[in-house]
Each structure stands twice: as structure tokens, then as C-alpha cells.
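Visitor: Using this note's numbering, you'd call the opening residue of the sequence shown number 8 and step up by one each time. Glycine included, every Cβ here is placed at the ideal spot set by N, Cα and C. Please read these numbers as outputs of a predicted model, since none were measured by experiment.
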Amino acid sequence: MAGRPDDNQAPLPDPEGRPFPCTLLQERLWSQARSARPYGLNGAMRWLVIGRLTQDVAQRALQVLVRRHEILRTCLREVDGVPKQVILPDCPVKLRSIDLSTLDADAAMARAEEIAKREAIEPIDLGVAPLFRAGLLRLNPGRSILLLTFHAAIADGWSIGLLVAEFKAAAKAIEAGATPGNAEPELQVVDYALWERELLASGALEESRQYWQRKLKGVTGTAVPADHEPADRPGDHGDIVSLLLPPGLSNAVDDFASRHSFTLYGLAVAALALLLHRVTGEAKVVIGSQVAHREEPAAELLAGPTVNSITLCLPVDSQASLLTFARMAADEVREALHHQRLPFEVALRELPDGAGERLHAVNLVVHRSYSGTRESERDQGSFSLVSLPSFSSGTPWDLNFFLIWRDEGWRMSCEADRDLYDSSTVQELLEGWRTCLEALVASPDLRLADCPALHGIATRASATSMAAPALQTGGHREPIPVHDPARQVVRFNEGGTRTPMIAINNRSVYYQLSRALGADRPLIDIQTYHPDGPLDLSGYSFEDFATYTVRLIRWAQPSGPYLLGGHCVYGALAFEAARQLQRMGEKIELVCLFDTWAPGYRESMSRANQERRQCQLRIRGRLNRIEQYRRGEIGMKDLVWAPILRRLGHQTPPAEPTEADLFTGRWFDDHIRDAAHEHRPAPANIDAVIFRSNETLRGRLFDERMGWGPIVAGRLYQANIDSAHLDMFQEKPAAAIASFLDPLLTAIEGQRSG
8 MAGRPDDNQA PLPDPEGRPF PCTLLQERLW SQARSARPYG LNGAMRWLVI GRLTQDVAQR
68 ALQVLVRRHE ILRTCLREVD GVPKQVILPD CPVKLRSIDL STLDADAAMA RAEEIAKREA
128 IEPIDLGVAP LFRAGLLRLN PGRSILLLTF HAAIADGWSI GLLVAEFKAA AKAIEAGATP
188 GNAEPELQVV DYALWERELL ASGALEESRQ YWQRKLKGVT GTAVPADHEP ADRPGDHGDI
248 VSLLLPPGLS NAVDDFASRH SFTLYGLAVA ALALLLHRVT GEAKVVIGSQ VAHREEPAAE
308 LLAGPTVNSI TLCLPVDSQA SLLTFARMAA DEVREALHHQ RLPFEVALRE LPDGAGERLH
368 AVNLVVHRSY SGTRESERDQ GSFSLVSLPS FSSGTPWDLN FFLIWRDEGW RMSCEADRDL
428 YDSSTVQELL EGWRTCLEAL VASPDLRLAD CPALHGIATR ASATSMAAPA LQTGGHREPI
488 PVHDPARQVV RFNEGGTRTP MIAINNRSVY YQLSRALGAD RPLIDIQTYH PDGPLDLSGY
548 SFEDFATYTV RLIRWAQPSG PYLLGGHCVY GALAFEAARQ LQRMGEKIEL VCLFDTWAPG
608 YRESMSRANQ ERRQCQLRIR GRLNRIEQYR RGEIGMKDLV WAPILRRLGH QTPPAEPTEA
668 DLFTGRWFDD HIRDAAHEHR PAPANIDAVI FRSNETLRGR LFDERMGWGP IVAGRLYQAN
728 IDSAHLDMFQ EKPAAAIASF LDPLLTAIEG QRSG
């Protein structure tokens with residue numbers, strides 16, 4: 008177990024108690040407590056008590072809380088190999104009282120801090136209720152320090168705020184000779200655990216499960232290069248460094264957030280991502296964070312752990328402005344919060360064994376303080392509580408950044424594993440975080456690449472390699488490289504003055520279209536085929552390929568408005584690139600989807616429907632061969648004997664005809680197709696037009712809008728083109744495409760100029 012009972016954690020001799028299922032969070036904490044790193048599991052809080060609070064009153068008030076909340080008389084025990092919540096009918100509380108009033112003021116405070124630091128790190132035995140400790144350190148007749156240390160299996164930050172408020176109310180009722188309210192709340196943690204399991208079983212979180220599966224595939228945590236690499240990383244040597252934001256900066260942050268409709272949480276995420284980008288040099292930053300997870304009204308008053316973890320994955324484009332990057336970070340936060348109900352423990356199941364341990368190497372928490380912070384606040388009664396900064400209980404993360412509001416302003420803090428990082432390094436990181444936040448609010452229109460404040464934050468080089476272990480899934484930490492974009496960009500109609508059409512792959516296909524669009528419409532062809540290929544691009548997500556494409560697009564055309572398009576899977580790539588450009592603040596006029604099926608349309612079907620769909624494609628393939636025979640393109644041997652020989656095993660059969668047969672088959676296409684199969688695009692407010700060939704099948708399993716209806720949140724147009732799939736850009740169909748586009752683009756450009 009994580010620890011042993013002592014005289015601070017009063018053991019209950021009565022073995023009676025009913026076992027109930029744990030929450031998924033409790034199960035994970037149970038496993039962590041039994042692991043080699045059972046640290047960072049305590050929530051060690053302390054308050055300055057101003058006025059008179061006796062040991063007797065404090066202990067009786069705590070006992071009221073224990074009777075009211077089942078979780079405060081709950082322990083975790085293994086039953087049939089599974090951890091269970093065991094609720095005891097009664098549970099005595101022992102309040103440890105230490106008198107320091109015989110010492111002078113400085114010595115008393117120093118001794119109180121020593122006790123609080125030791126109290127924070129001391130493990131709590133999960134098998135012995137209550138899973139919290141309490142202490143009262145008497146400094147002088149009018150001042151004390153209240154220590155409350157909860158195991159994370161029974162309380163989170165929200166809960167502690169509720170419990171402290173109830174503690175004050177109970178203590179003041181006792182002082183007044185009244186009976187404190189002790190009615191049990193409507194919802195207990197056992198009820199919450201059962202509800203959580205029912206919610207998962209109902210399938211209501213399936214969309215969120217798929218979201219996190221896609222989001223976390225191939226992702227590795229962002230690790231800040233460390234100063235040391237100890238042979239054994241116990242994690243019990245945590246240290247907290249803090250700095251206070253100046254009042255002017257605190258006010259500027261609040262004003263900036265209000266003016267641009269940002270939350271402080273979103274700004275903190277953006278600033279931290281900028282810091283991590285600078286110190287690691289990585290173009291994609293991964294941050295863990297916690298949410299209260301109390302959307303249900305009944306959960307707002309639940310004393311117990313409901314906190315959930317989310318993962319924020321933020322690409323950083325040095326060509327974007329700081330304001331645009333802040334908006335991108337805000338979008339990422341909103342998207343993650345939309346799917347916050349899926350327990351982190353379920354999301355972790357999608358990762359390879361051990362990958363989750365390093366996913367949140369860097370963590371972020373933003374909150375207001377748990378109770379009042381003004382010494383001038385004096386509640387009615389004989390005492391008031393003022394929250395004091397906590398001491399580290401050890402850290403499950405390499406670096407845990409948090410932003411807390413106090414009476415004097417916003418306080419930035421970082422809890423670090425001091426076996427990895429020197430205090431001076433942590434101080435530098437905090438100052439860098441403040442610099443990034445200041446740059447966001449002071450110079451929002453500057454590009455990241457042009458911001459002097461960011462350039463002052465140096466990339467760290469570790470004394471020893473602290474790189475996270477490579478994932479077996481092929482996850483990459485670096486973006487797809489762009490070495491010589493001039494070799495990958497081809498231009499047509501360069502003298503044109505209208506919005507260029509940017510098409511993704513390939514120039515021979517789009518030549519006729521460029522002629523049909525007219526000399527006044529430039530066409531830029533982005534050759535995504537990597538000139539240094541073939542490269543191993545396995546493990547990159549579709550979003551990664553889009554980021555690579557965006558870098559080429561912005562090299563060819565640094566700013567919008569943008570008109571994008573692509574044939575087959577490259578239409579989907581153009582749409583994802585448009586989404587990323589839009590998040591950077593760029594204007595997207597239109598995306599052209601040339602015979603492009605929406606990623607996930609086929610994959611979301613039942614297996615039976617996928618097989619039916621494949622059968623129809625095979626039939627279409629055979630009919631096409633018959634048509635080829637009639638046109639004289641193949642002979643009777645190819646039409647009749649070749650299939651017979653294949654069935655007899657005398658000839659290697661080609662792959663079954665699928666939509667994939669329509670691709671070029673180059674090495675890059677294979678990686679794009681693999682990534683597209685896993686991609687599930689979220690709706691985007693982008694206008695698009697589908698150009699659909701005659702060859703594309705229609706029917707129940709072949710949506711008329713090719714699966715784009717739920718994804719294109721803007722206007723969605725459609726034009727049917729009289730051509731085969733691979734012939735869409737021959738002279739006649741290209742002219743039909745141009746005749747449809749010309750009035751549409753003229754109207755769009757007219758709205759912009761008007």
C-alpha cells in the first residue's frame with residue numbers, strides 16, 4: 008500500500024462496511040498508489056485561522072462532515088481482486104493539535120512550515136478510513152494554521168472548497184450552541200460511480216471516445232529537457248516555485264480576454280504552449296490539464312473526486328500572429344472541453360501499454376483559490392480562514408504549471424520534480440511563461456517569428472537525454488519536413504489578378520483546368536509528393552499531412568483569401584488545410600472537392616454495409632472491364648481468361664477494385680490513404696463545392712453529397728460532371744467545372760470587394 012496508518016490518520020477498528028464499485032479515477036489512483044511512484048496523490052491544503060478556533064470545535068466540526076459525506080468514511084480495499092469503495096457506518100476523526108505559541112513569531116512560522124511540508128508528503132493508507140488527516144498548529148492566541156490533507160481518491164479541489172465552507176459553517180454553529188446541519192446530500196460518490204458506469208455502457212459517449220482515439224493516436228507528450236536524469240525517478244521530491252503577476256499585467260490579461268472573448272484558461276494554455284514551443288523547439292505541443300467535470304447540477308455539491316484529465320494538442324505555426332495562435336488554442340480548448348465527459352482512463356485504453364505514463368509530462372491547472380484570501384475578511388463568528396500556498400506532495404508530472412487567483416492578483420506557480428530540474432530552471436520557465444502571456448496581450452498582431460520577446464526564450468539543451476520513449480505506433484515528434492518548397496510548387500497563369508486556385512497534386516491533371524479557368528485566374532499546384540522520398544511517414548495523422556500542406560501553401564501564397572481544391576483524397580486534404588488556415592485567421596473563399604468522399608463516411612458504416620458497398624464496387628469494376636472490351640481497349644483474353652487463371656492460381660490476382668484503385672499508387676499516396684482512413688473531420692464553417700463524376704456510384708450506400716453534408720457547416724454546392732473519375736480534368740469536363748466555378752467565384756469576390 009501507499010503508506011501505513013499513524014497517529015494522524017485514525018484507524019477504525021470496526022471492520023464492517025459495504026463494498027461498492029470505484030470510479031474509474033479511483034481505480035487508477037489505486038493502481039498508482041501500489042506502483043513504484045505512489046506520490047502526488049495527496050491534496051495538502053492549509054489555511055491561516057484568524058481569531059479563535061479551539062481543537063474541540065474543529066474536531067467536532069470535522070466529525071459532522073464525516074457523518075454527512077460517505078466518502079469521508081470510505082476506504083479502498085481489494086475485493087475478489089478488484090478495488091472497491093468500502094463505506095463504514097462510523098469513523099472517528101483525530102485532529103492533531105500542536106502548540107507553537109512558546110516560540111517567537113518567526114520560529115513558530117518556520118516550524119509550522121516544516122510540519123506542513125512533512126504532512127504534505129506523508130502517504131495515506133488507502134485501506135484505512137478516513138482517507139484524510141487534519142492538524143491545527145497554534146501560533147498564538149489569535150492565529151493558527153489549519154492543515155487538511157486529503158487523498159485524491161476522496162477529494163479534488165472543488166470538493167475541498169465545498170468541505171471547507173461546510174467546516175466553517177459547522178464550527179460556527181457549534182460555537183453558537185446550535186446543531187450543525189448534517190443531512191446527507193442528494194448525491195454520494197457511490198451513486199456517481201454507478202452513474203459513470205451506466206453512462207459508458209449507454210453508448211452516449213461513443214462520439215467522444217472516437218474523438219479521443221483520433222486525437223491521441225501517435226501522440227507523445229512534450230518533455231522539457233531536464234537538468235538531471237537520476238537512475239531512479241521516485242517523484243517524491245517535488246518543489247513549488249511561484250511568482251506574482253504585477254497588477255498592471257493582471258488587469259491587462261483580464262481586459263484582453265474580455266475584449267477578444269477569451270477565457271483566462273485559454274490564454275494560459277496559449278502562453279504555456281508558446282513557452283514549450285520555444286524551450287523544446289517542437290512544432291506540436293502536448294499539454295495535460297484537469298477539468299472539474301461537474302456539468303450535472305447534482306454533481307455541483309458532491310464532495311468527492313470527479314476531476315477529469317484532458318489532453319491538449321497544439322500545432323505552433325511561427326508565421327501566425329500571436330492573436331491567431333491564441334484563437335487556435337482557444338479552439339483546441341473548446342473542442343477538448345466538448346468531449347471532456349469521457350473519463351481519461353477510457354481514453355488511455357486506446358494508447359499502447361506505457362504510452363500514457365509520459366503523455367502528460369507537462370500539466371496545467373487554472374483556478375480561483377479554494378477560499379477567501381483577504382486577511383481583512385472576517386466572517387461572522389470568532390474566526391475566519393485565509394488560504395495559504397500549498398506545499399508539494401510529490402508530483403506525478405515532470406512539470407505542473409498552475410495559475411491561481413489571490414487577493415494580490417494572479418499567481419503563477421510551477422511544481423517540478425526536483426530530481427529532474429534545478430530551482431533556477433523552474434524559475435526561468437515561470438518567467439518565460441509570464442513573458443509569453445505578456446507578449447500575447449501586448450503585441451497580438453505580431454507574428455511569432457517576429458516577436459522579440461519570444462526570441463529571448465532560448466531552446467533548452469539537456470545535460471542528459473530525457474526524450475520520451477518512442478511509441479510503437481510510430482508517433483512522431485517532428486513535423487513532416489519541408490526542405491525545398493520551390494521544387495513542390497508549380498504555377499499557371501502567373502499574370503492573373505484574381506484569387507489563385509491552389510490545387511493539391513498534380514500538375515498534369517490540373518493543366519486543362521488552368522486553361523479553362525482563364526488567364527486571369529492563377530492556378531498554383533502544390534506537389535505534396537515529398538522530393539526527398541520515399542520517406543517513412545507511417546504514424547503521421549491526417550492533420551499532420553494537412554499541416555505540412557499548409558506550410559507549402561503559405562510558402563506559395565503567404566496570406567489569404569484562399570481558394571483550395573483537390574481530387575479524390577486530396578480534396579479531403581485541401582479541406583483539412585482550409586480548416587487549419589481558417590484557425591490561423593485566414594479567409595477561405597471556397598474548397599473544391601473533386602470526386603472526394605468524406606473521410607470516415609465509409610468507415611462509420613456497419614461491417615455488413617461496408618461489405619455490400621465493396622461488392623457493388625466489384626460489380627462496377629467488372630462492368631468497366633466489359634466496356635473496355637467493347638471499346639477495344641482490352642482483348643477477350645483479358646476479359647475472360649485472365650480471371651479464370653487467377654481463380655486457378657496460375658496468375659497473381661490484382662487487388663480487388665476499390666476507391667483506392669483510383670489513386671496513383673505512389674508511396675506518398677499510400678501514407679495519405681492510411682491517414683485518411685483514421686481521420687474523422689469535425690464540422691467546419693467553410694463553403695465548399697462537390698464536383699461529382701458519372702463514375703461515382705449512387706444509392707443507399709453512396710451518399711449523394713459523398714458524406715460531406717454533416718461536415719461542411721458553411722454553404723455546400725454540388726455540380727455533376729459528365730466524366731469518369733480519372734477523366735474529370737480532360738478538356739470537356741474541365742470546361743464544365745470552370746463554367747460552374749466562374750459565376751460562383753465572381754459572386755464571392757464581389758461580396759469581398761463590396
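1. Helix, strand or coil for Pro476? Go by DSSP, reduced to three states.
2. Please list the terminal residues of the continuous beta strand (DSSP E) segment that includes Arg365.
3. Quick check on DSSP: helix, strand or coil for Lys224?
4. Pick helix, strand or coil for Trp674, following the three-state DSSP scheme.
5. Can you say whether Pro565 is buried or exposed, counting buried as having 16 or more other CB atoms within 10 angstroms of its CB?
6. Let me check you understand the geometry: is the CB of Gly228 closer than 7 Å to at least one non-hydrogen atom of the ligand ZN?
7. Would Gln33 and Val197 qualify as a contact pair, given that the criterion is a beta-carbon distance under 8 Å?
8. Could you tell me the boundaries of the alpha helix (DSSP H) in which Arg687 lies?
9. I need the straight-line Cα distance from Arg145 to Glu120, nearest angstrom please.
10. Return helix, strand or coil for His483, following the three-state DSSP convention.
11. Can you look up Gln589 in the DSSP assignment and give me helix, strand or coil?
12. Run the CB neighbour count on Gln519, radius 10 Å, all protein chains shown included, and call it buried at 16 or more, exposed below.
13. Closest to Arg590 by C-alpha separation, out of Ser328, Asp405, Gly503, would be which residue?
14. Less than 8 Å between the beta carbons of Ile693 and Gly721, yes or no?
15. Mapping DSSP to helix, strand and coil, what is Glu382?
16. Could you check if Ser42 is buried or exposed, using at least 16 other CB atoms within 10 Å of its CB as the buried criterion?
17. From Thr556, Arg216, Leu597, pick the residue whose C-alpha is nearest to that of Phe698; which is it?
18. Which value, in whole angstroms, describes the spacing of the CA atoms of Ala190 and Phe351?
19. Starting from Ala695, trace the beta strand (DSSP E) both ways and give me its first and last residue.
20. Taking the DSSP output, what are the residues bridged to Glu422?
21. Can you tell me where the alpha helix (DSSP H) with Lys124 in it begins and where it stops?
22. Which residues mark the beginning and the end of the beta strand (DSSP E) in which Phe552 is found?
23. Does the distance from the CB of Arg221 to the CB of Leu349 come in under 8 Å?
24. What three-state label does DSSP hand Asp338 in the structure shown?
25. So what does DSSP say about Gln92, is it helix, strand or coil?
26. With DSSP as the reference, please indicate the residues paired to Phe139 in a beta bridge.
27. By a C-beta neighbour count over all protein chains shown, 10 Å radius and 16 as the cutoff for buried, is Arg285 buried or exposed?
28. Could you check the C-alpha separation between Ala83 and Gly134 for me, to the nearest Å?
29. Taking the straight line between their C-alpha atoms, what separation do you get for Cys320 and Asp113?
30. Check whether the stretch 148-158 touches the stretch 50-58, counting contact only when three or more Cβ pairs, one atom from each stretch, lie closer than 8 Å.
31. When we look at the beta-carbon of Ala337 and count the other beta-carbons within 10 Å, is it buried (16 or more) or exposed?
32. Helix, strand or coil: which one does DSSP assign to Tyr428?
33. Inspect the CB distances between the stretch 290-300 and the stretch 363-374 and report whether three or more fall short of 8 Å.
34. I'd like the span of the beta strand (DSSP E) that includes Thr187, first residue to last.
35. Give me the Cβ distance between His300 and Thr313, rounded to the nearest whole Å; I'm assuming they're in contact under 8 Å.
36. Would you kindly check if the distance between the Cβ of Ala305 and the Cβ of Leu170 is under 8 Å?
Guide: The relevant details are as follows:
1. Here residue 476 refers to the residue found at position 469 when the sequence shown is read from its first residue. Below a pLDDT of 50, predicted positions are generally treated as unreliable, and Pro476, at 36, falls in that range; the measurement from the model is reported next regardless. The answer is coil: DSSP assigns Pro476 none of H, G, I, E or B.
2. Numbered from 1 along the sequence shown, position 358 holds the residue referred to as residue 365. Here Arg365 belongs to no beta strand (DSSP E), and DSSP marks it neither H nor E.
3. Working through the sequence shown from its first residue, we reach residue 224 at position 217. Correct three-state label for Lys224: coil.
4. Residue numbering aside, residue 674 sits at position 667 when the sequence shown is read from its first letter. Trp674 falls in the helix class under three-state DSSP.
5. Working through the sequence shown from its first residue, we reach residue 565 at position 558. Its Cβ having fewer than 16 others within 10 Å, Pro565 is exposed.
6. Ligands displayed in this structure: none; no statement on the ligand ZN is therefore possible.
7. Working through the sequence shown from its first residue, we reach residue 33 at position 26. Working through the sequence shown from its first residue, we reach residue 197 at position 190. For Gln33 and Val197, no; Cβs fall outside 8 Å.
8. Start at 1 with the first residue of the sequence shown, and residue 687 comes out as number 680. Under the DSSP assignment, Arg687 falls outside any alpha helix (DSSP H); it carries neither an H nor an E label.
9. If you number the sequence shown from 1, residue 145 lands on position 138. If you number the sequence shown from 1, residue 120 lands on position 113. Each residue's Cα considered, the two are about 12 Å apart.
10. Reading the sequence shown from its first residue, position 476 is the one you call residue 483. A caution first: His483 carries a pLDDT of 40, below 50, which makes its placement in the model unreliable, though a value can still be read off. The three-state secondary structure of His483, taken from DSSP, is coil.
11. Taking the sequence shown and counting its residues from 1, one reaches residue 589 at position 582. Three-state result, Gln589: helix.
12. For this step, residue 519 is matched to residue 512 along the sequence shown. The residue is buried, with at least 16 neighbouring Cβ atoms inside 10 Å.
13. Your numbering for residue 590 matches position 583 in the sequence shown. The option with the nearest alpha carbon to Arg590 is Ser328.
14. The sequence position of residue 693 within the sequence shown is 686, counting from 1. The sequence position of residue 721 within the sequence shown is 714, counting from 1. Yes, the Cβ-Cβ distance between Ile693 and Gly721 is below 8 Å.
15. To locate residue 382, count along the sequence shown from 1; it is residue 375. In this prediction, Glu382 has a pLDDT of 46, which is less than 50 and means its spatial position is unreliable; nothing more can be read from the coordinates.
16. Taking the first residue of the sequence shown as 1, we reach residue 42 at position 35. Exposed, since its Cβ has fewer than 16 Cβ neighbours within 10 Å.
17. Numbered from 1 along the sequence shown, position 691 holds the residue referred to as residue 698. Nearest of Thr556, Arg216, Leu597 to Phe698, Cα basis: Leu597.
18. On the sequence shown, residue 190 is found 183 positions in, with the first residue counted as 1. On the sequence shown, residue 351 is found 344 positions in, with the first residue counted as 1. The straight-line gap separating the alpha-carbon atoms of Ala190 and Phe351 is approximately 32 Å.
19. By 1-based counting over the sequence shown, the position of residue 695 is 688. Boundaries of the beta strand (DSSP E) harbouring Ala695: 695-700, taken from the DSSP string.
20. Looking up residue 422 in the sequence shown gives position 415. Bridge partners of Glu422: Ile247, Asn407.
21. Here residue 124 is taken as the residue at index 117 of the sequence shown, counted from 1. The continuous alpha helix (DSSP H) containing Lys124 extends over residues 112-128.
22. Reading the sequence shown from its first residue, position 545 is the one you call residue 552. From DSSP, Phe552 is part of no beta strand (DSSP E) but of the alpha helix (DSSP H) over 549-563.
23. For this step, residue 221 is matched to residue 214 along the sequence shown. For this step, residue 349 is matched to residue 342 along the sequence shown. Taking C-beta atoms as the reference points, Arg221 and Leu349 fail to come closer than 8 Å.
24. Locating residue 338 in the sequence shown gives position 331, counting from the first residue. The answer is helix: DSSP assigns Asp338 an H, G or I state.
25. The sequence position of residue 92 within the sequence shown is 85, counting from 1. For Gln92, the secondary structure class from DSSP, reduced to helix, strand or coil, is strand.
26. Looking up residue 139 in the sequence shown gives position 132. Looking at the DSSP assignment, Phe139 forms a beta bridge with Phe157.
27. Residue mapping note: residue 285 aligns to position 278 of the sequence shown, counting from 1. Buried, since its Cβ has 16 or more Cβ neighbours within 10 Å.
28. Position 76 of the sequence shown, counted from the start, is the residue given in the question as residue 83. Position 127 of the sequence shown, counted from the start, is the residue given in the question as residue 134. At residue 83 the sequence reads Leu, which differs from the Ala that was named. Each residue's Cα considered, the two are about 5 Å apart.
29. Position 313 of the sequence shown, counting from 1, holds the residue named residue 320. Position 106 of the sequence shown, counting from 1, holds the residue named residue 113. C-alpha separation (whole angstroms): 46 Å.
30. Inter-segment contact for the stretch 148-158 and the stretch 50-58 is present: three or more beta-carbon pairs are separated by less than 8 Å.
31. Start at 1 with the first residue of the sequence shown, and residue 337 comes out as number 330. The C-beta of Ala337 has 16 or more other C-beta atoms within 10 Å across all chains shown, which makes the residue buried.
32. Position 421 of the sequence shown, counted from the start, is the residue given in the question as residue 428. DSSP places Tyr428 in the coil class of the three-state scheme, outside both helix and strand.
33. Yes, the stretch 290-300 is in contact with the stretch 363-374.
34. Here residue 187 refers to the residue found at position 180 when the sequence shown is read from its first residue. Here the sequence assigns Pro to residue 187, which means Thr is not the residue at that position. Run containing Pro187: none; DSSP gives neither H nor E here.
35. Within the sequence shown, the letter at position 293 stands for residue 300. Within the sequence shown, the letter at position 306 stands for residue 313. Going by Cβ atoms, the distance from His300 to Thr313 rounds to 5 Å, so yes, they are a contact pair.
36. In the sequence shown, the residue the question calls residue 170 occupies position 163. In the sequence shown, the residue the question calls residue 305 occupies position 298. Against a cut-off of 8 Å, the Cβ pair of Ala305 and Leu170 comes out as no contact.
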